[in-house]
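Take a look at the structure below.
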Amino acid sequence: MTDTTQTYKPVIHIMATSAEVDEMAANLVAKQVVEKPHSYLTLPTGQTPQGMYKLLVSKHINEKLDFSAVTIFNLDEYWPIKKFHEASYASYMKSNLIDHINIQKANWHIPNGEASDPAIEASHYETQLQGVSIDLAILGIGPGKTCHIGFNERGSTVDSESRYIKLDEETKKTNSVFFPNASDIPEGAITQGVADILRAKKIVLIAKGEGKAWGLHRSIYGPISADAPASFLRYHPHLTVIIDKAAARML
Ligand code: F6R
Numbered sequence: 022m023t024d025t026t027q028t029y030k031p032v033i034h035i036m037a038t039s040a041e042v043d044e045m046a047a048n049l050v051a052k053q054v055v056e057k058p059h060s061y062l063t064l065p066t067g068q069t070p071q072g073m074y075k076l077l078v079s080k081h082i083n084e085k086l087d088f089s090a091v092t093i094f095n096l097d098e099y100w101p102i103k104k105f106h107e108a109s110y111a112s113y114m115k116s117n118l119i120d121h122i123n124i125q126k127a128n129w130h131i132p133n134g135e136a137s138d139p140a141i142e143a144s145h146y147e148t149q150l151q152g153v154s155i156d157l158a159i160l161g162i163g164p165g166k167t168c169h170i171g172f173n174e175r176g177s178t179v180d181s182e183s184r185y186i187k188l189d190e191e192t193k194k195t196n197s198v199f200f201p202n203a204s205d206i207p208e209g210a211i212t213q214g215v216a217d218i219l220r221a222k223k224i225v226l227i228a229k230g231e232g233k234a235w236g237l238h239r240s241i242y243g244p245i246s247a248d249a250p251a252s253f254l255r256y257h258p259h260l261t262v263i264i265d266k267a268a269a270r271m272l
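Going by my numbering, 161 is the number at position 140 of the sequence shown; the sequence numbering is gapless.
Below, the structure written as structure tokens:
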């Protein structure tokens, strides 16, 4: 249960460039893995972390950063979607990270977009998450007014668990560009819940670009409520926010 009686101020790093966001985020993940080789990580997909993943792959190749004992739980996956669909988050993770590092494949977890029943798949994912303790969760924040974390769209509660959820229209509009036909984007997704995310020992939120400025301001300074799910992160005592200047424009 999240303690909602106490709120905390995040540590905010405003970086001059988007490359510096990548570098700081990758360094934090690498530090975690070096200090605790058996780390459990929650990781996001999307445009924001692509540079971070490039750096992590390069650290693995050039600096022997060792992922052999690391376990990864992804935040979310569209449903329904084929694993090998070019816009699936499973494909994203394989091409951006998993296929290029020495993680044991059994230690990489992502909701199954091909599951016949998303509610059963979500409850299976929840059981797996309840059985572990996530050391570090890296998150992005949804576009525009969504303020989503994972795919916890507006209306998600602080005690929400892994579940099937309908995507917000604003999310669908933004993310449909990654599908060959915009109308192919699934109506929903399976996501870790807000409560799952808040159980991580440390949380790092990364964001880039002006499209995130309103949502960051709303989530960091506005009321803590379900119409801005990222605002729930202020219940976490170890939240670090790493953003570029454009995303910080309203802070
Ligand atoms: C994706 C996820 C989402 C994204 C968010 C930002 O796994 O959990 O919450 O982090 O939609 O996406 P980008 O980085 O594409 O702006």
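C-beta atoms are modelled at their ideal positions from N, C-alpha and C, and glycine is treated no differently.
Using a 10 angstroms sphere on the CB of L272, the tally of other CB atoms stays under 16, which defines it as exposed. P65 has its Cβ nearer than 6 Å to a heavy atom of ligand 1. Counting other Cβ atoms within 10 Å of its Cβ, K85 stays below 16 and is therefore classed as exposed.
Between A210 and D97, the C-beta gap is smaller than 7 Å, which places the two residues in contact. If you draw a straight line from the Cα of A90 to the Cα of L76, it comes to about 19 Å. In the structure shown, the three-state DSSP call for H34 is strand.
Fully enclosed alpha helix (DSSP H) runs of no fewer than 4 residues occupy 215-219 and 234-242 of the region 206-251, in order along the chain. Taking 6 Å as the cut-off, the C-beta of G72 does not count as close to any heavy atom of ligand 1.
Taking 6 Å as the cut-off, one finds at least one heavy atom of ligand 1 near enough to the beta carbon of L96. Short note on T69: C-beta closer than 6 Å to some heavy atom of ligand 1. In the three-state scheme derived from DSSP, where H, G and I count as helix and E and B as strand, H130 is classed as strand. Taking C-beta separations shorter than 7 Å and ignoring five residues to either side along the sequence, the partners of E142 in its chain run P132, N133, A136 and I211, following chain order. Within the region 136-189, the complete beta strand (DSSP E) runs of at least 3 residues fall at 157-160 and 184-187. Check the Cα spacing between D248 and each of I170, K266, S116 and A234: the tightest is with I170. DSSP, reduced to helix, strand and coil, places N95 within a strand of the structure shown. With a threshold of 6 Å, the Cβ atom of G163 counts as near ligand 1, since some heavy atom of the ligand is closer than that.
Taking a 10 Å sphere around the C-beta of H81, we find 16 or more other C-beta atoms and assign the residue as buried.
Fewer than three Cβ pairs drawn from the region 190-199 and the region 233-242 lie within less than 8 Å of each other, which leaves the two stretches out of contact.
Nearest in C-alpha terms to W100, of all of V78, D138 and A127, is D138. K229 sits buried, since 16 or more C-beta atoms from the chains shown fall within 10 Å of its C-beta. The bridge partners DSSP lists for L62 are I93 and L157. Set against 6 Å, the gap from the CB of G171 to the closest heavy atom of ligand 1 is smaller. Per DSSP, D24 lies in no beta strand (DSSP E) and is assigned neither H nor E.
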